[in-house]
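Numbering (this note's numbering), first residue to last: 190 to 352.
Just so it is clear, CB atoms sit at the ideal spot from N, CA and C, and this is done for glycine as well.
Please read these numbers as outputs of a predicted model, since none were measured by experiment.
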C-alpha cells in the first residue's frame with residue numbers, strides 16, 4: 190500500500206523480469222511524487238540479462254538514470270528484489286555477476302539531498318511488476334514523462350487510493 194511522502198520527495202519503484210525460455214529480460218521504472226501521482230515511467234527489454242537478478246540490477250540503474258535526467262534530489266528507491274536492495278545498502282564492493290551494475294547504481298545514488306533504497310513486497314510494487322511483465326512481450330524502449338501508461342492507471346490509482 191502506498192505511503193504518502195513529504196513534499197518534494199519522489200518515490201522510484203523498479204522491477205525486472207526474466208523469461209528463461211526465451212532468454213530475455215525486461216525492466217520497468219515508475220516515478221511518483223509525494224502524493225502518488227505518476228510523473229515518469231520507463232520500460233525496456235534487456236538482451237544481456239542472464240537471470241532475474243540481472244534484470245533487477247539493470248532496472249535499478251535505469252531508475253537512477255531517469256531520476257538524474259529529471260533532476261530530483263530527494264528520493265526513495267523501492268524494489269521487490271531483496272538481494273539488490275541489500276547490495277545497494279552495503280558498503281562492501283560487489284564482485285557478483287551483477288557487481289558492475291550495483292556499483293554503477295551506488296555511484297548514481299551519490300549527490301542527493303536524500304536517497305534511501307528500501308525493499309517492498311510485490312504487493313507494494315504491483316504497477317511496476319505489471320509493467321515489467323508487459324515489457325517481456327515488447328522489445329521497444331518506452332519513456333513516459335508527466336504521464337502514466339493507460340494500461341497501468343487502474344493499478345496505480347488502486348495502490349495510492351487515487352480516484
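DSSP state of residue 340, grouped into three classes? helix
State the Cα-Cα distance for the pair residue 199 and residue 252, rounded to the nearest angstrom. 12 Å
Decide if residue 211 is buried, meaning its Cβ has at least 16 other Cβ atoms within 10 Å, or exposed. exposed
So, at 7 Å on beta carbons, what are the nonlocal neighbours of residue 302 in its own chain, with the 5 sequence-adjacent residues on each side left out? 262 and 263
Would a check of beta-carbon distances place residue 303 closer than 7 Å to chain B? Within the model displayed, chain B is absent; a lone protein chain is all it includes.
Following the continuous alpha helix (DSSP H) through residue 275, name the residue where it begins and the one where it ends. 271-277
Could you tell me which residues DSSP pairs with residue 264 in its beta bridges? According to DSSP, residue 264 bridges with 199 and 304.
So, using beta-carbon positions, are residue 246 and residue 290 closer together than 7 Å? yes
Return yes when the Cβ of residue 276 is within less than 7 Å of the Cβ of residue 283, no when it is not. yes
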